[in-house]
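Residue numbers (the working numbering): 347 to 540. Below is one structure, written out as structure tokens, with a few remarks after it.
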Amino acid sequence: MTDEYKTIKATGEGFYSEKRSRFLAFAHHVETVDEVKLLLAQYRKKYYDARHVCYAYMLGAEREDFRANDDGEPSSTAGKPILGQINSNELTDTLIIVVRYYGGVNLGTSGLIVAYREAAADAIAHAETEVRQVEETVVFDFPYVMMNDVMRVVKEMQPRIVGQTYDNTCQIRLSIRLSEAEQLRQRLAKLSFS
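Here is the structure:
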């Protein structure tokens, strides 16, 4: 597994129209299914007069948690093309919602697939993407006399300090890139025996 993944930073908006049907697309950064549900509820309320609110999302650095929804469109003509754009751009932690206003003319299955795909692609094109790192938290307990040694390792390896407690026994919680976590654990463990 790689310890990097690509996602979108902020909301991106896209648009596509075909035979008077309008497709409004919105790409969001999300990290949980609850965030997805909240955003869907907001869009359904805001665009209550739209015929369809279709969507797809991909969650997690492993890209294993995903869903595509056609919201009443013929099977696989909306959600799958949207999810296809998320996949082809290698994105995760991303939700794309496409709102369709029906224009009175049927587009057919191939027309719908193209419309949803293009609207989703336009939303991604208007969103800023970024590469993030998968991090792991390392917790280390140590006596106060080892403080300088621990901080030297922290300075050299540069993990993010996410929590620390200084008492009779000190504890430090460090967040570091997944590929470097084991090395950090080993270096801290060696301090105990020196």
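C-beta atoms are modelled at their ideal positions from N, C-alpha and C, and glycine is treated no differently.
In the structure shown, what three-state DSSP assignment does residue i receive?
i, result
"Asp487", "strand"
"Glu482", "strand"
"Leu537", "helix"
"Lys501", "helix"
"Thr440", "strand"
"Leu453", "coil"
"Glu476", "strand"
"Tyr512", "coil"
For residue i, count neighbouring Cβ atoms within 10 angstroms of its own Cβ and tell me buried if that reaches 16, exposed if not.
i, result
"Val500", "buried"
"Tyr560", "Here the chain covers residues 347 to 540 and nothing more, so residue 560 does not appear."
"Tyr512", "exposed"
"Glu528", "exposed"
CB residue i to CB residue j, shorter than 8 Å?
i, j, result
"Val460", "Tyr393", "no"
"Thr353", "Glu476", "yes"
"Glu482", "Leu524", "yes"
"Glu350", "Arg506", "no"
"Gly430", "Ser367", "no"
Sufficient close CB pairs (3 or more, under 8 Å) joining the segment 348–362 to the segment 382–393 = no
Does the segment 471–479 come close enough to the segment 446–460 that 3 or more CB-CB pairs lie under 8 Å?
-> no
Where are the beta strand (DSSP E) runs, 3 residues long or more, that stay fully inside the segment 360–437, in chain order?
-> 367–375, 398–405, 411–415
Touching or not, the segment 402–411 and the segment 424–434, by the rule of three or more beta carbon pairs under 8 Å?
-> yes
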